[in-house]
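If you're matching positions, the sequence shown starts at 3 in this note's numbering and goes up one per residue.
Cβ coordinates follow ideal geometry from the N, Cα and C atoms, glycine included.
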Amino acid sequence: MTDFVAHMRDRLSDDRGLVFVRDNGEPARLTVTELDRRARATAVWLTERGMTDHPALLLYPAGLDFTVAFLGCLYARVPAIPAPLPDAGAPHSGRVRTLLRDAGARLVLTDSAHAPELSGLSARVVDPSADPDAWTPPVLSADTVAYLQYTSGSTSEPRGVEVSHGNLLHNLELFRSLAGAEPPRRLAGWLPHYHDMGLVGLQLHALYVGADLVFMSPTAFVARPVRWLELISRYGAEWTVSPDFGYSWCTRRITDEQLAGLDLSTLAMALSGAEPIKARTLAEFERRFAPAGFRPTAWNPGYGLAESTLMVTCVPRGQGVTVHRFAPSALERHQAIPDPDGVPLVACGPVSGLDLRIVDPGCSAPVPDGRIGEIWVAGPSVALGYRGRPEETRATFRAGGGRWLRTGDLGFLLDGQLYVTGRIKDVIIVNGRNLYPQDLEEAACRANPAAGRSAAFGIRRPDGGEHVVLIQEVRRGRSTVLSEVADRVMDLVAREFGVPLSLMLVARGAVRQTTSGKLRRRHMRELFLSGSLIPLHAELEPAVNDLLATAS
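Given below as structure tokens:
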């Protein structure tokens with residue numbers, strides 16, 4: 003088969019379905035057969051309005067209505083654009099305007115509950131009375147655009163990745179192959195549908211392999227993280243997906259009383275991806291939830307990006323986590339040399355079904371195993387390009403003779419597995435040394451375990467040298483002495499990395515992240531330099547103080 007619609011309709015069943023658990027705990031159910039019927043009705047409604055091949059922006063809350071609308075777009079050959087609802091009272095938010103303009107979207111779809119607040123966008127609600135039997139399957143091929151996955155826009159304007167039906171089917175088959183001969187019967191999760199991991203890794207993956215799906219809203223998870231694990235426990239889910247943040251949030255927030263009511267023994271695969279994977283997060287989650295039946299072999303760390311639909315590499319079922327430590331001084335020279343006391347890095351799995359090479363980002367020449375370079379990917383999962391951006395498409399998707407995707411990520415291969423070390427543009431160069439911001443952030447977290455997120459970046463001093471700045475969230479309590487917190491963080495970072503540091507302590511929530519949980523380091527740098535951050539406490543190098551005074 004060359005398109006997802008044919009694959010989906012070939013597996014219709016009243017025995018399989020989707021369950022969305024509302025924030026109040028009430029489940030809403032939809033069988034796959036009913037999902038297909040509603041998707042066909044949506045497709046008829048779209049086709050009657052001349053929407054074939056014209057993108058539609060989907061602004062839905064978490065739930066089944068989005069899934070129906072998304073599949074309806076596929077059934078009508080309408081490129082869907084999943085996007086988060088704008089904040090209440092701000093239907094003309096900058097991001098929505100950017101997506102509409104960039105994609106050339108002619109229609110905004112939403113549910114009836116949000117239509118009034120989106121009236122300024124002329125948002126429409128699909129007429130449920132459209133006749134599903136009037137649907138005619140569109141002509142689709144492997145190259146037909148299925149949907150547009152917009153990047154976060156954390157470093158520039160959001161760009162719409164054109165994902166074809168062929169890209170989608172190939173990537174979903176990579177997911178299916180991870181399970182080997184035992185495809186999952188039930189998936190559970192909380193990731194947003196507008197994030198590639200939530201859309202492909204959770205919703206479409208379940209439909210592709212013929213599994214039941216049980217899911218909830220991201221806001222319900224963040225407010226009470228035990229709800230995610232309760233879904234796994236109550237419904238006997240075998241597969242779940244989450245960025246590192248999700249596992250860390252559960253470890254920190256789930257109480258002993260809540261833990262006592264969980265049963266995670268059915269969970270055979272727990273994918274971790276979408277952001278840097280911390281060895282400490284996995285180890286702490288293991289220890290915390292082992293009494294609930296969580297097995298270390300359930301871990302499946304992986305690496306991917308929207309430009310390759312989603313997955314590039316991932317550890318197959320049953321292999322668990324591989325963690326190696328590497329000498330920090332060698333990593334600074336872009337070399338991975340084992341060191342039992344060094345920086346821990348998590349293996350993100352072998353390459354399977356795609357081609358992958360590590361190249362010198364300066365000259366694009368391949369580098370040997372154990373050498374850090376830019377990760378390049380080629381194969382059927384690599385998307386068509388960025389919508390309406392031919393120059394950026396050529397630069398990113400047509401490297402090395404036209405077949406390689408330049409990911410912008412740094413990593414290395416060792417013993418057949420990929421290790422990811424960071425983003426090219428995030429690397430901080432101090433006196434010729436290459437420092438990875440996530441290593442500095444990890445050290446800061448160890449110095450202050452009760453802290454929230456942190457963001458490290460480099461700024462240019464007046465003398466031309468690079469200087470490290472760390473923005474660290476803290477929860478200020480009665481017993482918190484901010485100067486002591488600052489001293490602990492600065493002492494540990496200086497001891498481990500041997501670099502001077504400017505530190506700013508800020509309130510919880512001040513460190514920005516993307517919709518998928520990735521740190522917006524360059525945005526934090528802009529906020530810092532513009533004086534837009536409100537410090538609770540700051541220890542800044544004099545030259546940095548002078549720089550900020552000049553900027554303001």
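Less than 6 Å between C-beta atoms, sequence neighbours within five positions excluded: which residues of the same chain meet that for T157?
Note that T157 scores a pLDDT of 44, beneath 50, so its modelled location is shaky; the value from the coordinates is reported in the next line. Cβ neighbours of T157 beyond the five flanking positions: R524.
May I ask you to list the residues that DSSP assigns as paired with N302?
L273
Output needed for E277: all residues of its chain with C-beta closer than 6 Å, excluding positions within five of it in sequence on either side, in chain order.
P245, D246, G519, K520
Is there contact between the region 285-298 and the region 207-215, where contact requires at least three CB pairs shorter than 8 Å?
no
CB A509 to CB L484, shorter than 8 Å?
no
Quick check: R455 and E475, are their CB atoms within less than 8 Å of each other?
Annotated as proximal: R455 and E475, with beta-carbon spacing under 8 Å.
Bridge partners of N436, per DSSP?
I431
For G74, which residues from the same chain have a beta carbon less than 6 Å from its beta carbon, with the 5 sequence-adjacent residues on both sides left out?
Once the five neighbours on either side are set aside, the close Cβ partners of G74 are A41, T44, A45.
Give the straight-line distance between the Cα atoms of R108 and V361, rounded to the nearest whole angstrom.
41 Å
Determine the burial state of N26: buried for a count of at least 16 other Cβ atoms within 10 Å of its Cβ, exposed for fewer.
exposed
Among S235, I256, A545, which has the Cα closest to the Cα of R462?
Nearest of S235, I256, A545 to R462, Cα basis: A545.
Which one of G200, H167, V471, G106 has the shortest CA to CA distance from A64?
G200
CA-CA distance, A132 and A380?
42 Å
Beta carbon of P88, beta carbon of Y196: below 8 Å?
no
Indicate whether C193 and S235 have their beta-carbon atoms separated by less than 8 Å.
Checking the sequence shown, residue 193 turns out to be Leu, not Cys. No. Outside cutoff.
Excluding the five sequence neighbours on either side, which residues of its own chain have a C-beta within less than 8 Å of the C-beta of L111, listed in chain order?
A58, L59, L60, L61, Y62, A71, A125, R126, V127, V128
Do L415 and S383 have their beta-carbon atoms positioned less than 8 Å apart in this structure?
no
Return the Cβ separation of L503 and L472 in integer angstroms, given the expectation that the two are a contact with Cβ distance under 8 Å.
6 Å
Considering only C-alpha positions, which residue in the set T146, A117, V216 is nearest to R18?
Comparing alpha carbon positions, the residue from T146, A117, V216 closest to R18 is V216.
Under 8 Å by Cβ, that's how I've got A181 and F6 pegged, so tell me the actual separation to the nearest angstrom.
The Cβ separation is near 19 Å, so there is no contact.
Could you have a look at T157 and say whether DSSP puts it in helix, strand or coil?
Only weak support is given to the placement of T157: the predicted model assigns it a pLDDT of 44, under 50, and the value that follows is read from those uncertain coordinates. In the structure shown, T157 adopts coil according to DSSP, grouped into three states.
Spatial neighbours of V369 within its chain, please: CB distance less than 7 Å, with the 5 preceding and 5 following residues excluded, ordered by chain position.
I360, V361, D362, G375
Taking only the alpha-carbon atoms, compute the straight-line gap between C350 and V422 and give it to the nearest angstrom.
7 Å
Please list the segments of the beta strand (DSSP E) lying wholly inside the region 271-358, counting only runs of 3 or more residues, in order along the chain.
271-274, 301-306, 313-316, 325-328, 345-348
Do you know offhand how far L228's Cα is from R389's?
Per the sequence presented here, residue 228 reads as Val, with Leu not at that position. When rounded, the distance between both Cα atoms is 39 Å.
In angstroms with no decimal places, state the Cα-to-Cα distance between A458 and M492.
12 Å
Can you tell me which of R161, L123, G96, G122 puts its alpha carbon nearest to the alpha carbon of D104?
R161
What is the DSSP secondary structure of G413, counted as helix, strand or coil?
strand
When burial is assigned at 16 or more other CB atoms within 10 Å of the CB, is A272 buried or exposed?
buried
When DSSP labels each residue in this structure, what does Y249 get in the three-state scheme?
helix
Please identify the residue among P318, D441, I536 whose C-alpha is closest to the C-alpha of E419.
Residue 419 is actually Gln in this sequence, not Glu. Taking Q419 as reference, the option from P318, D441, I536 with the minimal CA-CA separation is P318.
Which residues mark the beginning and the end of the beta strand (DSSP E) in which A540 is found?
539-541
By the 10 Å Cβ neighbour count, where 16 or more other Cβ atoms means buried, how is P93 classified, buried or exposed?
Unreliable placement is indicated for P93, whose pLDDT of 47 sits below 50; no coordinate value is reported for it.
Quick one: using the 10 Å Cβ neighbour count with 16 as the cut-off for buried, is P451 buried or exposed?
P451 comes out exposed.
Pull up the DSSP beta-bridge partners for L557, would you.
Nothing can be reported for residue 557, as the shown portion of the chain is limited to 3 through 554.
Would you call the CB atoms of A239 and L269 closer than 8 Å?
yes
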